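Novice: Position 84, counted from 1, in the sequence shown is what our numbering calls 92; the numbers after and before it change by one each time, with no gaps. Cβ coordinates follow ideal geometry from the N, Cα and C atoms, glycine included. Quick caveat, the model's predicted, so the values are computed rather than measured.
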Amino acid sequence: MNASTGTYLVTGGAGFIGTNFIRHTLKLRPQWRIVCLDALTYAGNPGNLADLTKLYPGRYRFVHGSILDEALLRVIIDEETLDGVIHFAAESHVDRSILAPQAFIETNVNGTCQLLKVFQSGWEQNGKPENFRFVHVSTDEVYGTLGDTGYFTEASPYAPNSPYSASKAASDHFVRAWHHTYGLPAIVTNCSNNYGPYQFPEKLIPLMILNILEERELPVYGDGANIRDWLYVLDHCEALLTVLERGNPGETYLIGGGAEKRNLEIVHLLCDLLDRLLTRSGAQGSRGLIRFVTDRPGHDYRYAIDATKIRNELGWQPRFRFEGAIEDTVAWYLAHMDWVASIRSGEYRQWIETNYNNR
Ligand code: NAD
Ligand code: TYD
Numbered sequence: 009m010n011a012s013t014g015t016y017l018v019t020g021g022a023g024f025i026g027t028n029f030i031r032h033t034l035k036l037r038p039q040w041r042i043v044c045l046d047a048l049t050y051a052g053n054p055g056n057l058a059d060l061t062k063l064y065p066g067r068y069r070f071v072h073g074s075i076l077d078e079a080l081l082r083v084i085i086d087e088e089t090l091d092g093v094i095h096f097a098a099e100s101h102v103d104r105s106i107l108a109p110q111a112f113i114e115t116n117v118n119g120t121c122q123l124l125k126v127f128q129s130g131w132e133q134n135g136k137p138e139n140f141r142f143v144h145v146s147t148d149e150v151y152g153t154l155g156d157t158g159y160f161t162e163a164s165p166y167a168p169n170s171p172y173s174a175s176k177a178a179s180d181h182f183v184r185a186w187h188h189t190y191g192l193p194a195i196v197t198n199c200s201n202n203y204g205p206y207q208f209p210e211k212l213i214p215l216m217i218l219n220i221l222e223e224r225e226l227p228v229y230g231d232g233a234n235i236r237d238w239l240y241v242l243d244h245c246e247a248l249l250t251v252l253e254r255g256n257p258g259e260t261y262l263i264g265g266g267a268e269k270r271n272l273e274i275v276h277l278l279c280d281l282l283d284r285l286l287t288r289s290g291a292q293g294s295r296g297l298i299r300f301v302t303d304r305p306g307h308d309y310r311y312a313i314d315a316t317k318i319r320n321e322l323g324w325q326p327r328f329r330f331e332g333a334i335e336d337t338v339a340w341y342l343a344h345m346d347w348v349a350s351i352r353s354g355e356y357r358q359w360i361e362t363n364y365n366n367r
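In structure tokens, the structure reads:
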């Protein structure tokens, strides 16, 4: 595939990973043009990308709309000569999926199927260009939970345990089926937990950073022993570029950070890091804010990825070390409290009440 030029549609580009992907890609691929399609749900922030039209004249376009809107998708296909789609748009928070699963079915399952249907017909109308790619960005959570040993691989059986992971699993199956049945050059990636700039503060790391800053309680689910494999978001973005440019249609690639940490370890680390920066110590130390709260129902114990396939076949491996990247992430939040204020809407405050009061 020609990596030097191209126009790509990024769905869900105003969210956490999509924002990082668009900003990083426009820098790394100076000949590329990106069209971002985002419905701007509570998790999407157009301000994340507002400077790009000026920074990169002619190379960035924002379309406000849903992946469920067939007519809009057809207009985009008519207006743009697309070389591929990188599909991030989703409802992405496990706790929200437990309290209100319907939106996950709508966006993650029906939305992905809508995209597949429309891009399949667009691809056929354009004479089935060989270089076209549909990259579906999914999660390691589709494989369920691990015990203390072992790793997920591309051969692991699907065993989703939350409405979120079940909806992502369903979408992965549809992507696979569209490739197998209709030949659409689609690729699925399953990634571990990301952290970094622009992550919405409903997820563990930014939630804890902000609660520590504001001296609020730090709600650790259960005993905090659950393990996640943390990946810096720019490593994920580079893995996705690698898959887009060198991945084989019909394949699945697992992407992991090789940085397994227990939740409590993460919270302790953030407390200590911020205490140093804020010169808090003794009785004022932030570890005192930790509160063990009622566990998440069906809480998966451990996720861990064996990323041998993407390393051996495509030559990607993470560049960032956890210890440095987590410090950069904390520094980003401290330097962007205006961003934090802008995304903490009434909806956000209501979510915090719904999820944490009476827990
Ligand atoms: P996010 O919740 O921060 O962003 C999701 C974006 O999708 C938002 O901008 C939202 O407005 C948009 N969106 C939602 N519904 C839409 C619709 N119907 N049409 C168009 N846009 C819509 O999510 P994220 O953390 O950036 O995750 C992006 C993708 O990566 C998701 O598919 C998620 O499943 C996957 N993933 C995330 C992680 C992680 O750690 N965050 C790990 C592995 C995989
Ligand atoms: P989260 O960031 O929601 O990602 P995921 O559920 O997709 O892994 O949660 C990461 C881990 O942190 C998970 O084991 C649940 C835990 N957690 C807490 O202990 N407290 C919290 O307030 C949140 C949001 C998460």
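(1) Starting from Lys125, trace the alpha helix (DSSP H) both ways and give me its first and last residue.
(2) For Ala194, which residues of its own chain have a beta-carbon under 8 Å away from its beta-carbon, when the five flanking residues on both sides are left out?
(3) In angstroms, rounded to a whole number, what distance separates the CA positions of Ile213 and Ala343?
(4) Going straight from the alpha carbon of Thr316 to that of Gly290, what length do you get?
(5) Could you give the uninterrupted runs of the alpha helix (DSSP H) lying entirely in the segment 9 to 72, keeping only those of 4 residues or more?
(6) Taking 8 Å as the cut-off, is the C-beta of His101 nearer than that to any heavy atom in the ligand NAD?
(7) Between Lys211, Ser294, Val348 and Pro54, which lies nearest to Gly364 when the distance is taken from Cα to Cα?
(8) Any chance you could list the beta strand (DSSP E) runs of at least 3 consecutive residues sitting entirely within the segment 72 to 110, in chain order?
(9) Under 8 Å, with one C-beta from each stretch per pair, do the segment 293 to 301 and the segment 248 to 257 reach the 3-pair mark?
(10) Please report the straight-line C-alpha distance between Asp336 and Gly204, rounded to a whole angstrom.
(11) At the level of alpha carbons, what is the spacing between Leu63 and Asn202?
(12) Mind checking whether the beta-carbon of Leu57 lies closer than 8 Å to any heavy atom of the ligand TYD?
(13) Sort Phe70, Gly191 and Tyr261 by Cα distance to Gly323 and report the nearest one.
(14) With a threshold of 7 Å on Cβ separation, who are the neighbours of Glu355 within its own chain once the five nearest residues in sequence on each side are excluded?
(15) Taking the Cβ atom as the reference point for each residue, do Cys199 and Leu239 lie within a distance shorter than 9 Å?
(16) According to the Cβ coordinates, are Ile94 and Val18 closer than 9 Å?
(17) Is it the case that the segment 109 to 122 contacts the segment 162 to 180, given that we only count it when at least three CB pairs across the two stretches are under 8 Å?
(18) DSSP on Asp314, reduced to helix/strand/coil?
(19) Return the CA-CA distance between Asn56 and Ala22, expressed in angstroms with no decimal places.
(20) Cβ of Asn118 versus every heavy atom of the ligand TYD: is any distance shorter than 8 Å?
(21) Look at the alpha carbon of Ile85 and the alpha carbon of Tyr190, and state the distance between them as a whole number of angstroms.
(22) Could you tell me which whole alpha helix (DSSP H) segments of length 4 or greater appear in the segment 258 to 330?
(23) Beta-carbon within less than 6 Å of Asp148's beta-carbon, same chain only, minus the 5 sequence neighbours each way: which residues are those?
(24) So what does Asn198 bridge to, in DSSP terms?
(25) Are there 16 or more other CB atoms within 10 angstroms of the CB of Gln207, so buried, or fewer, so exposed?
(26) Classify Asn234 as buried or exposed, calling it buried when 16 or more other Cβ atoms lie within 10 Å of its own Cβ.
(27) Less than 9 Å between the beta carbons of Val348 and Asn28, yes or no?
(28) Roughly how many whole angstroms lie between the Cα atoms of Lys136 and Ala79?
(29) Under 9 Å, do Gly20 and Ala97 count as touching if we go by C-beta distance?
(30) Since Tyr240 sits in a beta bridge, which residues does DSSP pair it with?
(31) Whole angstroms are fine: how far does the CA of Arg69 sit from the CA of Leu45?
Specialist: For this structure:
(1) Thr120 to Gln133
(2) Leu124, Arg141, Phe142, Val143, His144, Val183, Arg184, Trp186, His187, Pro257 and Gly258
(3) 16 Å
(4) 44 Å
(5) 24 to 36 and 60 to 63
(6) yes
(7) The question names Gly, but residue 364 in the sequence shown is Tyr. Comparing Cα-Cα distances from Tyr364 to each of Lys211, Ser294, Val348 and Pro54, the minimum goes to Lys211.
(8) 92 to 95
(9) no
(10) 8 Å
(11) 26 Å
(12) no
(13) Tyr261
(14) Tyr50
(15) yes
(16) yes
(17) yes
(18) coil
(19) 7 Å
(20) no
(21) 19 Å
(22) 271 to 286
(23) Phe160, Asn198, Ser200, Tyr311 and Ile313
(24) Ser146 and Leu262
(25) buried
(26) buried
(27) no
(28) 21 Å
(29) yes
(30) Tyr203
(31) 9 Å
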